[in-house]
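Our numbering numbers the first residue of the sequence shown as 4 and each following residue consecutively. All residues carry an ideal CB built from backbone N, CA and C; glycine is no exception.
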Amino acid sequence: MTAEVLVLSTDDGAVRTLTFNRPAALNSFTAAMHRELRSALDHAADDKSVRCLVITGAGRAFCAGQDLNDTEMGDDVGAVVERIYKPLALRIRSMPIPVIAAVNGVAAGAGANFAFGCDLVMAARSASFIQAFSKIALIPDCGGTWLLPRLVGRARALGLAITGDKLPAEEAERIGLIWRCVDDAVLMDQSMALAQRLSSMPVKAIAATRRVLDEAVMISYAEALTLEARVQAEMGHGSDFHEGVAAFLEKRAAKFSDR
Ligand code: T3D
């Protein structure tokens, strides 16, 4: 008997799509699914032909967070967060390429915060986001405590985390928690169109933009300006910068290749 693939991977040009594939359990994370996801993310990061990643879920959910039935994880919740969710949150935030979460249905617990850790979140109109942690006497993890207040401010972050109420995708877009809410029927087409567009952009500069924005919220204005100068120097030495300027001056489309 062949084992079921828990994270499907397909390529379309320079765009790789990863699909969580445990629909019967709303794509909740088991230890086995974590192993496949981590391996798939590492492969996408290492594969120079991949220039944008889309992550979505099979069936009616994006991801319902930790699988609460999975015995392989063990009882030590803190150890699971340290060993699994912390590296996952760091991995997604340090990908060398842009990452789009195409949220096709409910995203709960670590499933929601994993999506918020992606660079752009596209969500189907029927999708929703739930900070399910408080319902089981936990705190938001997978980066939620850091991401939520930065995305929507302390009042909304605390409200969402304390109540664990379901936040519809339209409302998530309205309060700035996600990039776009679109009709269910066009979620994948629009996510793929965005991914194709990003894959032809200077992805190294996109990844650097994410890194500097994340660092800038924790340092002073003067330090942020110094950081900008340092990273801009790095970008200025890239062949993408020279190609972008040359393409502009020659009135042609740029062909970016740095990663
Ligand atoms: O070690 C650690 O735990 C630390 C790490 C923590 C990170 C976390 O993510 S903690 C948060 C864990 N997630 C949750 O608490 C969410 C639990 N799920 C729900 O609250 C609901 O399922 C949803 C609101 C997401 C969706 O509700 P609904 O009514 O649309 O679907 P449902 O009927 O509840 O679920 C459908 C099936 O999926 C059902 O199985 P069944 O009865 O058909 O065999 C349900 O048990 C299963 N399922 C959904 N979420 C999970 C799950 N099974 C295991 N774990 C889940 N998280």
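In the region 135-172, which residue ranges form an unbroken beta strand (DSSP E) of at least 3 residues, counting only runs that do not cross its ends?
169-171
Could you check if aspartate 243 is buried or exposed, using at least 16 other CB atoms within 10 Å of its CB as the buried criterion?
What you label residue 243 is simply residue 240 of the sequence shown in a count that begins at 1. Flag for aspartate 243 reads buried.
Just verifying my parser: in three-state terms, what is the DSSP assignment at alanine 118?
Here residue 118 corresponds to residue number 115 of the sequence shown, with the count starting at 1. Residue state, collapsed to three classes: helix.
Measure the alpha-carbon distance for glutamate 39 versus arginine 19 and round it to whole angstroms.
One-based indexing of the sequence shown puts residue 39 at position 36. One-based indexing of the sequence shown puts residue 19 at position 16. Answer to the nearest angstrom: the Cα atoms are 15 Å apart.
Closest by CA to valine 189, which one among Val106, Thr5 and Thr22?
In the sequence shown, counting from the first residue as 1, residue 189 sits at position 186. Ranking Val106, Thr5 and Thr22 by Cα distance to valine 189 puts Val106 first.
Excluding the 5 residues preceding and the 5 following isoleucine 181 in the sequence, name in chain order all residues of the same chain whose CB lies nearer than 6 Å to its CB.
The sequence position of residue 181 within the sequence shown is 178, counting from 1. For isoleucine 181, where only same-chain residues beyond five positions count, the Cβ hits under 6 Å are Val124, Ala126 and Ala175.
Kindly indicate which three-state DSSP category valine 106 falls into: helix, strand or coil?
As a first step, residue 106 must be located in the sequence shown, where it is residue number 103. Correct three-state label for valine 106: strand.
If we ignore side chains and look at the alpha-carbon of each, how far apart do alanine 34 and leucine 93 end up?
Here the question's residue 34 lines up with position 31 in the sequence shown. Here the question's residue 93 lines up with position 90 in the sequence shown. One C-alpha to the other measures close to 17 Å.
The beta strand (DSSP E) with valine 18 in it runs from where to where?
Stepping through the sequence shown from its first residue, residue 18 is reached at position 15. Taken as a continuous stretch (DSSP letters only), the beta strand (DSSP E) holding valine 18 covers 18-23.
Report yes if the C-beta distance between alanine 48 and valine 10 is below 9 Å; otherwise report no.
Reading the sequence shown from its first residue, position 45 is the one you call residue 48. Reading the sequence shown from its first residue, position 7 is the one you call residue 10. No, Cβ-Cβ distance for alanine 48 and valine 10 is not below 9 Å.
Please check the pair alanine 198 and cysteine 55, which I expect to be a contact at CB under 8 Å, by giving their CB distance rounded to whole angstroms.
Locating residue 198 in the sequence shown gives position 195, where the first residue counts as 1. Locating residue 55 in the sequence shown gives position 52, where the first residue counts as 1. Indeed, because the Cβ distance is near 4 Å, the residues count as touching under 8 Å.
Taking the alpha-carbon positions, what's the glycine 81 to alanine 250 distance?
What you label residue 81 is simply residue 78 of the sequence shown in a count that begins at 1. What you label residue 250 is simply residue 247 of the sequence shown in a count that begins at 1. If I take the Cα positions, the gap works out to 51 Å.
Coarse secondary structure for methionine 125, derived from DSSP in three states
The residue labelled residue 125 in the question sits at position 122 within the sequence shown. Residue state, collapsed to three classes: strand.
Could you name the residues that DSSP lists as bridge partners for valine 10?
One-based indexing of the sequence shown puts residue 10 at position 7. Answer is Phe23, bridged to valine 10.
Closest to alanine 113 by CA distance: which of Ala67, Asn24 and Ala130 is it?
Position 110 of the sequence shown, counted from the start, is the residue given in the question as residue 113. Closest option to alanine 113, Cα to Cα, is Ala67.
Rounded to the nearest angstrom, how far is the Cβ of asparagine 116 from that of glycine 147, given a contact under 8 Å?
To locate residue 116, count along the sequence shown from 1; it is residue 113. To locate residue 147, count along the sequence shown from 1; it is residue 144. That belief holds up - the Cβ atoms of asparagine 116 and glycine 147 are roughly 4 Å apart, short of 8 Å.
Identified DSSP bridge partners for threonine 59:
Sequence index remark: in the sequence shown, residue 59 carries index 56 (1-based). For threonine 59, which the question treats as bridged, DSSP gives the partners Thr22.
Figure out for me which residue from His240, Ala111 and Arg214 has the closest Cα to the Cα of alanine 172.
Along the sequence shown, read from residue 1 onward, the residue named residue 172 stands at position 169. Comparing Cα-Cα distances from alanine 172 to each of His240, Ala111 and Arg214, the minimum goes to Ala111.
Where do the ends of the alpha helix (DSSP H) carrying phenylalanine 244 lie?
For the purposes of this step, residue 244 is taken as the residue at position 241 of the sequence shown. Note, phenylalanine 244: alpha helix (DSSP H), 242-252.
Going straight from the alpha carbon of proline 101 to that of lysine 138, what length do you get?
Numbered from 1 along the sequence shown, position 98 holds the residue referred to as residue 101. Numbered from 1 along the sequence shown, position 135 holds the residue referred to as residue 138. Their Cα atoms are separated by approximately 32 Å.
So, at 6 Å on beta carbons, what are the nonlocal neighbours of glutamine 134 in its own chain, with the 5 sequence-adjacent residues on each side left out?
Residue numbering aside, residue 134 sits at position 131 when the sequence shown is read from its first letter. So the list reads Pro143, Leu163, Ala164 and Gly167, once near-sequence residues are dropped.
Which value, in whole angstroms, describes the spacing of the CA atoms of glutamate 218 and alanine 232?
Counting from one through the sequence shown, the residue named residue 218 turns up at place 215. Counting from one through the sequence shown, the residue named residue 232 turns up at place 229. Those two C-alpha atoms are separated by around 14 Å.
Rounded to whole angstroms, what's the CA-CA distance from lysine 258 to serine 203? Just pull it up for me.
As a working note, residue 258 is residue 255 in the sequence shown. As a working note, residue 203 is residue 200 in the sequence shown. Roughly 7 Å between the two C-alpha positions.
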